[in-house]
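What follows is a set of notes on a single structure, which appears directly below.
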Amino acid sequence: QQPVQSPQAVILREGEDAVINCSSSKALYSVHWYRQKHGEAPVFLMILLKGGEQKGHEKISASFNEKKQQSSLYLTASQLSYSGTYFCGTLDRGSTLGRLYFGRGTQLTVWP
Amino acid sequence: DTGVSQNPRHKITKRGQNVTFRCDPISEHNRLYWYRQTLGQGPEFLTYFQNEAQLEKSRLLSDRFSAERPKGSFSTLEIQRTEQGDSAMYLCASTSQETQYFGPGTRLLVL
């Protein structure tokens with residue numbers, strides 16, 4: 105039930121783009137993306153609630169392919185502040201309690 | 002700052018001692034979750050409250066763990082007879098609809 109994230113780590117130069125993928129073996133109701141900096145709590149980025157939905161947050165956007173049970177997070181023109189670990193959390197279709205399953209995270213490092 | 006607060010932020014204890022953590026959710030949020038996070042992992046679900054009712058507990062939550070949410074406001078998580086394997090970050094999250102907002106966490110180290 106834990107989603108699988110890829111890649112495990114990404115190293116970028118400032119201004120480069122990155123894509124982080126999240127896939128589940130279960131039918132999904134929603135996908136939640138968070139960024140966590142070392143020693144801090146996860147910070148909510150965005151939620152995708154229905155298949156095909158795309159959302160944006162500054163230069164960070166995401167898509168949700170309900171049929172493939174996958175979501176992707178797109179970071180464009182990366183900034184130093186984007187460094188951190190990105191987690192996807194998935195809510196299974198049919199869940200009534202809102203319990204999220206989180207992937208192991210993708211560590212993103214942006215260098216100047 | 003998400004509006005969710007947790008205390009203490011850090012706790013060091015000796016094996017066998019009891020510890021209690023507190024979470025104050027965003028005031029209008031009726032749902033509250035506890036997660037545990039170890040190094041290199043994502044948060045793992047522990048338990049869930051809707052108002053004062055504890056509706057689900059993970060199998061990760063052994064008998065040494067207990068959580069309460071009296072009056073549907075703040076919540077406490079107690080670990081009895083702590084073990085070294087309990088060392089982790091304990092996160093609380095609250096929500097009223099879909100988005101879960103996390104508190105800063107309590108980092109527990111069991112010596």
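One line per chain: the protein sequences are W and G, in this order.
105 is the number of the first residue of the first sequence in my numbering; add one for each residue after it.
2 is the number of the first residue of the second sequence in my numbering; add one for each residue after it.
C-beta atoms are modelled at their ideal positions from N, C-alpha and C, and glycine is treated no differently.
Span of the beta strand (DSSP E) holding residue i?
| i | result |
| --- | --- |
| residue 5 (chain G) | That residue, residue 5 (chain G), is in no beta strand (DSSP E); it is neither H nor E in DSSP. |
| residue 196 (chain W) | 188–196 |
| residue 33 (chain G) | 32–38 |
| residue 78 (chain G) | 76–80 |
| residue 183 (chain W) | Residue 183 (chain W) -> no beta strand (DSSP E), and no H or E assigned at all. |
| residue 64 (chain G) | Counting along the chain, residue 64 (chain G) falls outside any beta strand (DSSP E), and DSSP gives it neither H nor E. |
| residue 1 (chain G) | Because residue 1 (chain G) is not part of the residues shown, which for chain G are 2 to 112, the question remains open. |
| residue 56 (chain G) | 54–58 |
Within the same chain, show all residues whose beta-carbon is closer than 7 angstroms to that of residue i, passing over the 5 residues directly before and after it, in chain order.
| i | result |
| --- | --- |
| residue 105 (chain G) | 7, 10 |
Indicate whether at least one CB of chain G lies closer than 8 angstroms to the CB of residue i.
| i | result |
| --- | --- |
| residue 134 (chain W) | yes |
| residue 164 (chain W) | no |
| residue 207 (chain W) | yes |
| residue 168 (chain W) | no |
| residue 151 (chain W) | yes |
| residue 197 (chain W) | no |
| residue 204 (chain W) | yes |
| residue 67 (chain W) | In the structure displayed, chain W extends from 105 to 216; residue 67 (chain W) sits before or after that span and is not available. |
| residue 201 (chain W) | yes |
| residue 216 (chain W) | no |
Please tell me whether residue i has its Cβ less than 8 angstroms away from any Cβ of chain W.
| i | result |
| --- | --- |
| residue 9 (chain G) | no |
| residue 92 (chain G) | yes |
| residue 32 (chain G) | yes |
| residue 26 (chain G) | no |
| residue 101 (chain G) | yes |
| residue 46 (chain G) | yes |
| residue 42 (chain G) | yes |
At the level of alpha carbons, what is the spacing between residue i and residue j?
| i | j | result |
| --- | --- | --- |
| residue 174 (chain W) | residue 127 (chain W) | 4 angstroms |
| residue 34 (chain G) | residue 109 (chain W) | 23 angstroms |
| residue 65 (chain G) | residue 51 (chain G) | 22 angstroms |
| residue 60 (chain G) | residue 191 (chain W) | 22 angstroms |
| residue 58 (chain G) | residue 120 (chain W) | 42 angstroms |
| residue 163 (chain W) | residue 197 (chain W) | 29 angstroms |
| residue 32 (chain G) | residue 24 (chain G) | 12 angstroms |
| residue 186 (chain W) | residue 41 (chain G) | 18 angstroms |
Skipping 5 residues on each side, what residues in its chain have a beta carbon closer than 6 angstroms to that of residue i?
| i | result |
| --- | --- |
| residue 19 (chain G) | 81 |
| residue 39 (chain G) | 89 |
| residue 49 (chain G) | 34, 56, 57 |
| residue 3 (chain G) | 102 |
Give me, in chain order, the residues of the same chain whose beta-carbon lies closer than 8 angstroms to that of residue i; leave out the 5 immediate sequence neighbours on both sides.
| i | result |
| --- | --- |
| residue 118 (chain W) | 182, 183, 184, 214, 215, 216 |
| residue 204 (chain W) | 136, 193, 194, 195 |
| residue 12 (chain G) | 20, 22, 107, 108, 109, 110 |
| residue 114 (chain W) | 122, 124, 210, 211, 212, 213 |
key: Length at least 3, wholly inside the region 114–179 of chain W: the beta strand (DSSP E) runs in chain order   = 122–127, 132–140, 147–152, 158–161, 164–169, 174–179
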